[in-house]
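In the working numbering, the protein residues as written are 710 to 1062. In what follows, a single structure is set out as structure tokens and then discussed.
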């Protein structure tokens, strides 16, 4: 995975940075200790994401684009029943990459059995282990029958009422319509392809709804790729995909995802809309609610931002490069100070409501 556009700054954990910010603040010692205790609780949380999809849909390229896989420890299930599920351990974040579907009927049955077994596992707290199932479909494929079968007859029945734990991504959107309508300069679909992808997304949504009664919202994106000659195509709509992942993951676990984002800034820049503010808010809501719980009325705006001086206005953390820099720091640097203060005031209202 390329680390282009990153700096030489050593990546510093978001939790270490927040720890230092709290320690160095002028808060009373009792309040420092309270917030450090809350931070420790949040930093110990785990996120487990399962990837499901047909062979060639781009599951591996998706996780490589989203997360900093350069630090992942790779393993496989120790149980014979799950030995073909690849486990990527990034510390607080674990990615479970299931075998590709659609090769043979016999293999599919065995793989689906593994998926069901993993979905039924519980963590140390007794809750279901898997927080989110990301189903990766090939937007350029006309035959999605195998994927529909797994979604409708395995995943949704296993998830039961917790269908918010499933997200469908339509990868390789750049190759839909044989790639003829992809604007390479803009790294985005032209009007014709955009309309096609919108219809494709609606078709997937309708087929799942008709079969299960469950409403899903597919996200069209491209994980990007590197050609044999070294030419790279950056991802498209990756920030949008991340936003929907954040919305599916419990808010108290979002900072774990923030700490594991891919460090290639260009991965996050090409989207069908600006998702930077939505991503910022999702992270900040988590920070304010779970780490700065009970900030109290009259929190200062300016020199001290509820006990973390400059951390929010500066883009949450200046020491973290890559994904967070592209999604939070740069947009905040471009914002007018008045807008920043207005937004922070809204966040304070959220904490103190």
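Note that beta-carbon positions come from the ideal geometry of N, C-alpha and C, so glycine has one too. In this text the structure is predicted, and so the values were computed from the model without any measurement.
Check                                                                                                                                                                                            : Outcome
At which residues does the alpha helix (DSSP H) containing residue 776 begin and terminate?                                                                                                      : It is not in any alpha helix (DSSP H) - residue 776 carries neither H nor E in the DSSP assignment.
Using alpha carbons as the reference points, say which of 730, 869 and 808 lies closest to residue 829.                                                                                          : 869
Can you list, in chain order, the residues of its chain whose CB lies under 7 Å from that of residue 917, leaving out five sequence neighbours each side?                                        : 860, 861, 923 and 925
Here's the rule I'm using: 16 or more other beta-carbon atoms within 10 Å means buried, otherwise exposed. How should residue 940 be labelled?                                                   : exposed
Just verifying my parser: in three-state terms, what is the DSSP assignment at residue 839?                                                                                                      : coil
Name, in chain order, the residues that DSSP records as bridge partners for residue 898.                                                                                                         : 891
Would you mind stating whether residue 964 and residue 951 have Cβ atoms separated by less than 9 Å?                                                                                             : no
Look at the Cβ atom of residue 995, then the Cβ atom of residue 962, and state whether they are nearer than 9 Å.                                                                                 : yes
Measuring straight from C-alpha to C-alpha, what distance separates residue 966 and residue 802?                                                                                                 : 7 Å
With DSSP run on the structure shown, which of helix, strand or coil describes residue 984?                                                                                                      : coil
Kindly give me the distance between the Cβ atoms of residue 841 and residue 799, rounded to whole angstroms, as I take these residues to be in contact under 8 Å.                                : Between residue 799 and residue 841 the Cβ distance is about 15 Å, and since that is not below 8 Å, they are no contact.
Thinking residue 943 and residue 979 are a contact (beta carbons under 8 Å), I'd like their distance in whole angstroms, please.                                                                 : 6 Å
What residue range does the alpha helix (DSSP H) around residue 1071 cover?                                                                                                                      : Nothing can be reported for residue 1071: it is not among the residues displayed for the chain, which extend from 710 to 1062.
Name the two residues that bound the continuous beta strand (DSSP E) containing residue 938.                                                                                                     : From DSSP, residue 938 is part of no beta strand (DSSP E); its letter is neither H nor E.
CB residue 774 to CB residue 947, shorter than 9 Å?                                                                                                                                              : yes
When you compare only the Cα positions, how much space is there between residue 817 and residue 810?                                                                                             : 6 Å
Looking at the structure shown, is residue 867 part of a helix, part of a strand, or coil, going by DSSP?                                                                                        : helix
Thinking C-alpha only, which one of 936, 839 and 795 is nearest residue 871?                                                                                                                     : 839
With a threshold of 7 Å on Cβ separation, who are the neighbours of residue 766 within its own chain once the five nearest residues in sequence on each side are excluded?                       : 845, 846, 847 and 880
Among 934, 852 and 920, which has the Cα closest to the Cα of residue 762?                                                                                                                       : 852
Let me make sure I understand the geometry here. Which of 733, 975, 953 and 793 has the alpha-carbon closest to that of residue 990?                                                             : 953
Identify, in the order they occur along the chain, each residue of the same chain with its Cβ nearer than 8 Å to the Cβ of residue 982, setting aside the five sequence neighbours on each side. : 949
Can you tell which of 889, 898, 893 and 825 has its C-alpha closest to the C-alpha of residue 866?                                                                                               : 825
What residue range does the alpha helix (DSSP H) around residue 821 cover?                                                                                                                       : 814-828
Between the C-alpha atoms of residue 891 and residue 722, what's the straight-line distance to the nearest angstrom?                                                                             : 37 Å
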